[in-house]
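Working notes for the structure below.
Number of protein chains: 2
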Amino acid sequence: MQDHLSQTFSALADPTRRAILARLSTGEANVSDLAQPFLGEMSLPAVTKHLQVLEKAGLITKTRKAQWRSCKINGEALKDAADWMEHYRVYWEESFDRLDAYLKTVTAKRTAEGEDQ
Amino acid sequence: MQDHLSQTFSALADPTRRAILARLSTGEANVSDLAQPFLGEMSLPAVTKHLQVLEKAGLITKTRKAQWRSCKINGEALKDAADWMEHYRVYWEESFDRLDAYLKTVTAKRTAEGEDQ
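As you go down the protein sequences, you meet chains X and L in turn.
In terms of the UniProt record's numbering, the first sequence opens at residue 1 and continues consecutively.
In terms of the UniProt record's numbering, the second sequence opens at residue 1 and continues consecutively.
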């Protein structure tokens, strides 16, 4: 059995599932509305399978509204993944710091060259 | 072929690979040092395979230092994943806001009940 974080990252490792989350970020939607944009390239059961992966990873929850089953984003699973990632923030900020330092050196060099002329 | 972001999330969807990144967050390391803690549960080629997945996803880079191949974290691939996640921050903050609102209601109710006594 996959651990919770692996399940979350695994669920996010698919462009269709991320597109479904992007759609849900504009508001709750039922399964057929969610499936609509994908039906040209895949079957309804294939979309349903993607929704099941998202639901199993805790990234979406299904609620029953009258006769409709509505899907919505569940932020907590995303928070766990974001928290894990936060620990590594220093690495990408460091690479931007290096770029920043490099750009400053280049700019200073050009300014000095300009002054020499 | 997997898109870049799917490749990153897929590489992160494994506890061994996340443990390798955690180890590398304490500093650069060569392959045999990195493999050491895992050799009780898996073979060296299995660890090497995990390193290849991380390298292919751009999460680590290998550099040659004298006769050693050293691995280090590459922050940029993580930044892309964190940027994607940032878009959904509102969802987990919203769930904490709801918890916060609930706790305030409970506290207010208890205070009121205390005053009634």
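Ideal Cβ positions, reconstructed from N, Cα and C, are used throughout, including at glycine.
Simplified DSSP state of residue 29(X), which is helix, strand or coil
Of the three classes helix, strand and coil, the one that applies to residue 29(X) here is strand, per DSSP.
Closest Cβ-Cβ distance between residue 15(L) and chain X: below 8 Å?
Any Cβ of chain X closer than 8 Å to the Cβ of residue 15(L) would place that residue at the interface, and such an atom is present.
Considering only DSSP beta bridges, list what residue 70(X) is partnered with.
Secondary-structure assignment with DSSP links residue 70(X) through a beta bridge to 30(X) and 63(X).
What does residue 25(X) touch in chain L if you count any residue whose Cβ is under 9 Å from its own?
The answer, in chain order, is 87, 88, 90 and 91.
Specify the secondary structure class of residue 4(X) as computed by DSSP and reduced to three states.
Of the three classes helix, strand and coil, the one that applies to residue 4(X) here is helix, per DSSP.
Give me the Cα-Cα distance between residue 16(L) and residue 50(L), rounded to the nearest whole angstrom.
Going from the Cα of residue 16(L) to the Cα of residue 50(L) covers about 8 Å.
Smallest Cα separation from residue 59(X): which of 24(X), 101(X) and 111(X)?
Considering only alpha carbons, the answer is 24(X).
In whole angstroms, what is the alpha-carbon distance linking residue 103(X) and residue 64(L)?
About 26 Å.
Going by CA-CA distance only, name the one from 112(L), 2(L), 5(L) and 11(L) that's closest to residue 55(L).
Cα-wise, what sits closest to residue 55(L) is 11(L).
is_contact[residue 103(X), chain L] using C-beta, thresh 8 Å
Not an interface residue.
Counting Cβ pairs closer than 8 Å, one from the stretch 32-51 of chain L and one from the stretch 103-114 of chain X, do we hit at least three?
In short, these stretches do not touch, since the Cβ pair count stays below three.
Cut-off 8 Å between Cβ atoms - residues of its own chain near residue 40(L), not counting five sequence neighbours on either side:
Answer for residue 40(L): no residue qualifies.
So the candidates are 94(X), 57(X), 66(X) and 2(X); which of them puts its Cα closest to the Cα of residue 73(X)?
Closest option to residue 73(X), Cα to Cα, is 57(X).
Check whether the Cβ of residue 54(L) lies closer than 8 Å to any Cβ atom in chain X.
So, not an interface residue.
Kindly say whether residue 70(X), judged by its beta-carbon, lies nearer than 8 Å to any beta-carbon of chain L.
Cβ-Cβ to chain L under 8 Å: no for residue 70(X).
For residue 14(L), which of helix, strand or coil comes out of DSSP?
DSSP places residue 14(L) in coil when its eight states are reduced to three.
Taking its Cβ as the centre, do 16 or more other Cβ atoms sit within 10 Å of residue 46(L), making it buried, or is it exposed?
Exposed, since its Cβ has fewer than 16 Cβ neighbours within 10 Å.
Give the single residue among 14(L), 8(L) and 42(L) whose Cα lies nearest to the Cα of residue 76(L).
Distance from the Cα of residue 76(L) is smallest, within the candidate group 14(L), 8(L) and 42(L), for 8(L).
Residue 75(L): contacting residues in chain X (beta-carbon distance under 9 Å)
Chain X residues near residue 75(L): 88, 89, 90, 91, 92, 93, 94, 95 and 96.
Can you tell me whether residue 90(X) is buried or exposed, with buried defined as 16 or more other CB within 10 angstroms of its CB?
So residue 90(X) ends up on the exposed side.
Of the listed residues 105(L), 43(L), 71(L) and 83(L), nearest to residue 26(L) (C-alpha basis):
If you compare the alpha carbons of 105(L), 43(L), 71(L) and 83(L) with that of residue 26(L), the shortest gap goes to 71(L).
Please name the residue, chosen from 94(X), 82(X) and 61(X), that lies closest to residue 28(X) on a Cα-to-Cα basis.
Put simply, of 94(X), 82(X) and 61(X) the residue whose alpha carbon is nearest the alpha carbon of residue 28(X) is 61(X).
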